[in-house]
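**Student:** For what it's worth, the working numbering labels the leading residue of the sequence shown as 1, then goes sequentially. C-beta atoms are modelled at their ideal positions from N, C-alpha and C, and glycine is treated no differently. What you are looking at is a predicted structure, and each value in this text was computed from that prediction instead of being measured.
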Amino acid sequence: MVNGIWEDFLKIVKEEAGSRVVDTWFKAVSLYQWDSLNKVVYLLAPNTFVKDWLSSNYVVIIQLHLSRLFNVDTLSVVFVDGSKKNKQKSGTSETSRTTEGGKIDSLVPAKLDRPKKTSLIKKVVSKKRCHINTNYKFENFVVGPSNSLAKAAAQAITEKPGYLYNPLFIYGDSGLGKTHLLHAVGNCIKAKDKNKSILYQTADRFVNEFINAIRFDKIHNFQSKYQCVDVLLIDDIQFISNKEQTQEAFFHIFNALYDSHKQIVFSSDTFPQNIRGLAERLRSRLSCGLVTDIHTPALETKVVILKKKAEMNKLDLDDKIAYFIASTVDSNIRELEGALIRVTAFASLTNQPLSLELAKRVLHKTEKIKKDTVVDFQNIVKCVYRYYNFDIKDLRSKKRNKNLSLARQVTMFLMKKITNRSLRDIGVFLGGRDHSTVVHALDKIEHFAVANHCFCEQLKKMEQEIRGR
Ligand code: ADP
Ligand code: MG
1 MVNGIWEDFL KIVKEEAGSR VVDTWFKAVS LYQWDSLNKV VYLLAPNTFV
51 KDWLSSNYVV IIQLHLSRLF NVDTLSVVFV DGSKKNKQKS GTSETSRTTE
101 GGKIDSLVPA KLDRPKKTSL IKKVVSKKRC HINTNYKFEN FVVGPSNSLA
151 KAAAQAITEK PGYLYNPLFI YGDSGLGKTH LLHAVGNCIK AKDKNKSILY
201 QTADRFVNEF INAIRFDKIH NFQSKYQCVD VLLIDDIQFI SNKEQTQEAF
251 FHIFNALYDS HKQIVFSSDT FPQNIRGLAE RLRSRLSCGL VTDIHTPALE
301 TKVVILKKKA EMNKLDLDDK IAYFIASTVD SNIRELEGAL IRVTAFASLT
351 NQPLSLELAK RVLHKTEKIK KDTVVDFQNI VKCVYRYYNF DIKDLRSKKR
401 NKNLSLARQV TMFLMKKITN RSLRDIGVFL GGRDHSTVVH ALDKIEHFAV
451 ANHCFCEQLK KMEQEIRGR
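1) What number of angstroms, rounded off, separates the C-alpha of tyrosine 165 from the C-alpha of alanine 153?
2) For the ligand ADP, any of its heavy atoms closer than 7 Å to the Cβ of histidine 180?
3) What number of angstroms, rounded off, separates the C-alpha of alanine 256 from the C-alpha of isoleucine 325?
4) Helix, strand or coil, according to DSSP, for alanine 279 in the structure here?
5) Thinking C-beta only, is leucine 54 closer than 8 Å to tryptophan 34?
6) Buried or exposed: where does asparagine 403 fall if 16 or more other Cβ atoms within 10 Å of its Cβ makes it buried?
7) Measuring only from the beta carbon, is serine 76 closer than 7 Å to any heavy atom that is part of the ligand MG?
8) What is the rounded straight-line gap between the Cα of glycine 431 and the Cα of valine 50?
9) For tyrosine 200, count the other beta carbons within 10 Å of its own beta carbon; 16 or more makes it buried, fewer makes it exposed. Which is it?
10) Let me check one thing: in DSSP terms, what residues is aspartate 235 bridge-paired to?
11) Can we say the segment 178-194 touches the segment 334-352, given the rule of at least three CB pairs closer than 8 Å?
12) Could you compute how far the alpha carbon of serine 148 sits from the alpha carbon of isoleucine 264?
13) So which of Asn71, Gly18, Leu176 and Gln378 has the shortest CA-CA distance to valine 36?
14) Identify the residues that DSSP records as bridge partners of threonine 292: which are they?
15) Let me know the beta strand (DSSP E) ranges lying completely inside the segment 5-72, each 3 residues or longer, listed in chain order.
16) Given that a residue counts as buried once 16 or more other Cβ atoms are within 10 Å of its Cβ, and exposed if not, what is aspartate 259?
17) Over the uninterrupted alpha helix (DSSP H) stretch that includes glutamine 155, give me the two end residues.
18) Can you tell me the Cα-Cα spacing of leucine 286 and histidine 261, whole angstroms?
19) Using beta-carbon positions only, say whether leucine 423 and isoleucine 466 come within less than 8 Å of one another.
20) Hey, how far is the Cα of valine 29 from the Cα of tryptophan 6?
21) Within 7 Å: the Cβ of tyrosine 200 and any heavy atom of the ligand ADP?
22) Which first and last residues belong to the beta strand (DSSP E) in which glutamine 458 is found?
23) State the DSSP-derived secondary structure class of serine 76, mapped to helix, strand or coil.
24) Using a threshold of 7 Å, is the CB atom of serine 268 nearer than that to any non-hydrogen atom of the ligand MG?
25) Excluding the 5 residues preceding and the 5 following asparagine 79 in the sequence, name in chain order all residues of the same chain whose CB lies nearer than 7 Å to its CB.
26) Run the CB neighbour count on valine 2, radius 10 Å, all protein chains shown included, and call it buried at 16 or more, exposed below.
27) Roughly how many whole angstroms lie between the Cα atoms of phenylalanine 206 and asparagine 313?
28) Could you check what DSSP says for isoleucine 445 in three-state terms: helix, strand or coil?
29) Name the DSSP bridge partner or partners of aspartate 269?
30) Glutamine 378 to phenylalanine 429, Cα distance in whole Å?
31) Where serine 284 and proline 272 are concerned, what is the direct C-alpha to C-alpha distance, given to the nearest angstrom?
32) Is lysine 307 close to the ligand ADP? I mean its beta-carbon at under 7 Å from any heavy atom of the ligand.
33) Restricting to Cα atoms, I'd like to know which of Ser405, Asp434 and Val439 is closest to lysine 416.
34) Can you say whether aspartate 236 is buried or exposed, counting buried as having 16 or more other CB atoms within 10 angstroms of its CB?
35) Look at the alpha carbon of isoleucine 418 and the alpha carbon of serine 224, and state the distance between them as a whole number of angstroms.
36) If you count every other CB in all the chains shown that lies within 10 Å of the CB of alanine 156, and 16 or more means buried, which is it?
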């Protein structure tokens with residue numbers, strides 16, 4: 001009976017939580033034993049870290065689906081730590097400790113020694129894996145009032161990396177040039193001194209790398225890689241939020257680099273105080289240098305950016321067309337570039353000259369389609385609010401009265417049904433709730449809708465309203 005159950009379970013989790021969650025957490029786990037008498041399933045985890053992570057974050061989802069697959073009402077999950085007997089072999093000193101939250105065993109050494117800067121590691125970082133995009137330079141970054149301070153600070157640190165503004169923290173909405181500036185810093189420092197070891201990494205990839213380092217006992221290679229660089233550029237640092245273990249590892253890397261005057265630059269979608277789920281000591285490190293922001297550019301800056309992008313693509317862009325595109329697209333520069341590409345591609349594919357009329361035709365059509373189809377989270381919240389009448393700011397809070405909890409679960413359900421956003425995004429939007437909370441809400445609302453016809457009709461009505469039908 002047990003045969004194939006774990007495989008079926010993996011398929012379901014992949015469907016529900018995405019292949020990344022399965023690859024990162026569940027692939028290395030196996031179904032060890034099924035005690036049908038006592039309804040207990042034993043899962044074999046490769047190490048303590050995975051075991052604890054699963055038991056803190058995924059028990060609900062495991063119980064939900066395995067009980068269905070084993071055809072029982074409910075079951076208990078026991079995790080077996082497969083690494084227990086091999087622990088001493090690894091170079092990592094595993095220390096068991098209790099955090100404020102409860103029960104996390106740390107695999108990260110309490111204090112990391114700065115590893116010797118071997119030439120081998122340095123070569124790997126500088127040549128192969130620096131991840132620097134050579135297209136993003138200061139020379140092709142257009143400066144306007146919205147970004148002048150960030151650009152000036154980024155350029156200033158290239159004069160004497162590690163000494164002036166360290167760390168430099170640049171924040172702003174998506175598509176406004178943060179990543180461009182981080183790469184520009186890397187390119188500029190490299191151009192001044194080719195021996196400098198520079199590493200650009202997104203926080204997302206940093207988290208994955210860290211998890212893999214733990215899973216495959218490569219934690220020291222991981223630390224060495226990061227602690228040996230001269231310049232560390234970490235993009236979208238907000239993705240490190242709620243990742244306690246990664247934050248701890250990063251904290252030590254930060255200290256080692258900072259203490260030896262190595263330059264660190266961060267980008268984020270918000271300022272350090274606003275990043276949720278960040279350990280206080282890390283938050284204070286992020287803001288101990290210079291914190292600067294980038295805003296949405298004014299029309300004139302957008303026009304100059306468009307002209308610059310056109311020039312880089314050897315395209316003659318009339319001022320009138322540039323003004324039209326810049327005033328039609330009011331979101332960010334990434335969208336602006338996208339609009340320029342759509343217009344020029346349309347002209348070239350249909351063999352027509354690039355005229356204002358053509359730009360109007362192409363953009364008015366796509367902007368309308370976008371407005372018709374994009375349903376964002378806010379619309380859903382507003383609709384649920386009309387039915388449940390709660391205080392909107394409480395939706396993201398920890399408060400849990402009956403009406404509010406139901407409204408929150410309905411919101412999660414509609415977000416999942418109507419948008420194509422991930423469970424993680426939904427959880428984050430609703431006050432940093434974890435994935436299993438969202439799964440639980442979806443399950444509850446589904447069951448409730450089956451059992452209660454009025455409720456089911458109300459859900460349908462809300463969905464229609466949100467979709468504007
Ligand atoms: P973010 O990291 O803030 O989301 P990016 O750095 O990825 O944004 O920028 C999105 C696009 O817009 C990139 O192609 C980038 O080159 C371009 N861009 C943003 N700001 C500027 C600017 N001031 N001058 C020229 N190009 C810009
Ligand atoms: Mg970016």
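**Tutor:** In this structure, then:
1) If you number the sequence shown from 1, residue 165 lands on position 165. If you number the sequence shown from 1, residue 153 lands on position 153. In a straight line, the C-alpha of tyrosine 165 is about 8 Å away from that of alanine 153.
2) Within the sequence shown, numbered from 1, the residue matching residue 180 stands at position 180. Checking every heavy atom of the ligand ADP against the Cβ of histidine 180, one is found closer than 7 Å.
3) Position 256 of the sequence shown, counted from the first residue, corresponds to residue 256. Position 325 of the sequence shown, counted from the first residue, corresponds to residue 325. Cα to Cα, the separation comes out at about 47 Å.
4) In the sequence shown, the residue the question calls residue 279 occupies position 279. Coil, per DSSP.
5) In the sequence shown, the residue the question calls residue 34 occupies position 34. In the sequence shown, the residue the question calls residue 54 occupies position 54. Not a contact, by the Cβ cut-off of 8 Å.
6) The count along the sequence shown starts at 1 and reaches residue 403 at position 403. It is exposed - the Cβ of asparagine 403 has fewer than 16 other Cβ atoms within 10 Å.
7) Taking the sequence shown and counting its residues from 1, the one referred to as residue 76 is at position 76. Result no, Cβ not under 7 Å from the ligand MG.
8) Taking the sequence shown and counting its residues from 1, the one referred to as residue 431 is at position 431. Taking the sequence shown and counting its residues from 1, the one referred to as residue 50 is at position 50. Each residue's Cα considered, the two are about 25 Å apart.
9) In the sequence shown, counting from the first residue as 1, residue 200 sits at position 200. When all chains shown are included, tyrosine 200 counts as buried.
10) Numbered from its first residue, the sequence shown carries residue 235 at position 235. DSSP output for aspartate 235 lists Thr202 as bridge partner(s).
11) no
12) Your numbering for residue 148 matches position 148 in the sequence shown. Your numbering for residue 264 matches position 264 in the sequence shown. Taking the straight line from one Cα to the other gives about 20 Å.
13) On the sequence shown, position 36 is the one that residue 36 refers to. Looking at the sequence provided, one finds serine at residue 36 rather than valine. Of Asn71, Gly18, Leu176 and Gln378, the residue nearest in Cα terms is Asn71.
14) On the sequence shown, position 292 is the one that residue 292 refers to. The partner list for threonine 292 (beta bridge, DSSP) reads Ile170.
15) Counting whole runs of 3 or more residues, the segment 5-72 contains the beta strand (DSSP E) stretches 30-35 and 40-45.
16) Taking the sequence shown and counting its residues from 1, the one referred to as residue 259 is at position 259. The residue is exposed, with fewer than 16 neighbouring Cβ atoms inside 10 Å.
17) Indexing the sequence shown from 1 puts residue 155 at position 155. Here the alpha helix (DSSP H) through glutamine 155 covers 148-157.
18) On the sequence shown, residue 286 is found 286 positions in, with the first residue counted as 1. On the sequence shown, residue 261 is found 261 positions in, with the first residue counted as 1. Their backbone Cα atoms lie some 15 Å apart in a straight line.
19) The residue given as residue 423 occupies position 423 in the sequence shown. The residue given as residue 466 occupies position 466 in the sequence shown. It is not a contact, given that the beta carbons lie outside the stated cut-off.
20) As a first step, residue 29 must be located in the sequence shown, where it is residue number 29. As a first step, residue 6 must be located in the sequence shown, where it is residue number 6. Distance between the alpha carbons of valine 29 and tryptophan 6 is about 9 Å.
21) Your numbering for residue 200 matches position 200 in the sequence shown. No.
22) Residue 458 sits at position 458 when you count from the first residue of the sequence shown. Unbroken run through glutamine 458 is the alpha helix (DSSP H), 453-467; no beta strand (DSSP E).
23) If you number the sequence shown from 1, residue 76 lands on position 76. Serine 76 falls in the strand class under three-state DSSP.
24) Here residue 268 refers to the residue found at position 268 of the sequence shown. No.
25) By one-based count along the sequence shown, residue 79 stands at place 79. Here the sequence assigns phenylalanine to residue 79, which means asparagine is not the residue at that position. Answer for phenylalanine 79: Leu43, Ala45, Lys51, Leu54 and Ser55, listed in chain order.
26) Along the sequence shown, read from residue 1 onward, the residue named residue 2 stands at position 2. By the neighbour-count rule (16 or more Cβ atoms within 10 Å), valine 2 is not buried but exposed.
27) In the sequence shown, residue 206 corresponds to position 206, counting from 1. In the sequence shown, residue 313 corresponds to position 313, counting from 1. So the alpha carbons of these two residues sit roughly 33 Å apart.
28) Within the sequence shown, residue 445 is the residue found at index 445, counting from 1. Three-state result, isoleucine 445: helix.
29) By 1-based counting over the sequence shown, the position of residue 269 is 269. As DSSP reads the structure, aspartate 269 sits in no beta bridge.
30) As a position in the sequence shown, residue 378 is number 378, starting the count at 1. As a position in the sequence shown, residue 429 is number 429, starting the count at 1. Cα to Cα, glutamine 378 sits roughly 10 Å from phenylalanine 429.
31) The residue given as residue 284 occupies position 284 in the sequence shown. The residue given as residue 272 occupies position 272 in the sequence shown. Whole-angstrom Cα-Cα distance: 8 Å.
32) Here residue 307 refers to the residue found at position 307 when the sequence shown is read from its first residue. Incorrect: lysine 307 has no Cβ contact closer than 7 Å to the ligand ADP.
33) Sequence index remark: in the sequence shown, residue 416 carries index 416 (1-based). Of the candidates Ser405, Asp434 and Val439, the one whose C-alpha sits nearest the C-alpha of lysine 416 is Val439.
34) Translated into the one-based positions of the sequence shown, residue 236 becomes position 236. Label assigned to aspartate 236: buried.
35) Here residue 418 is taken as the residue at index 418 of the sequence shown, counted from 1. Here residue 224 is taken as the residue at index 224 of the sequence shown, counted from 1. Whole-angstrom Cα-Cα distance: 45 Å.
36) On the sequence shown, position 156 is the one that residue 156 refers to. Exposed.
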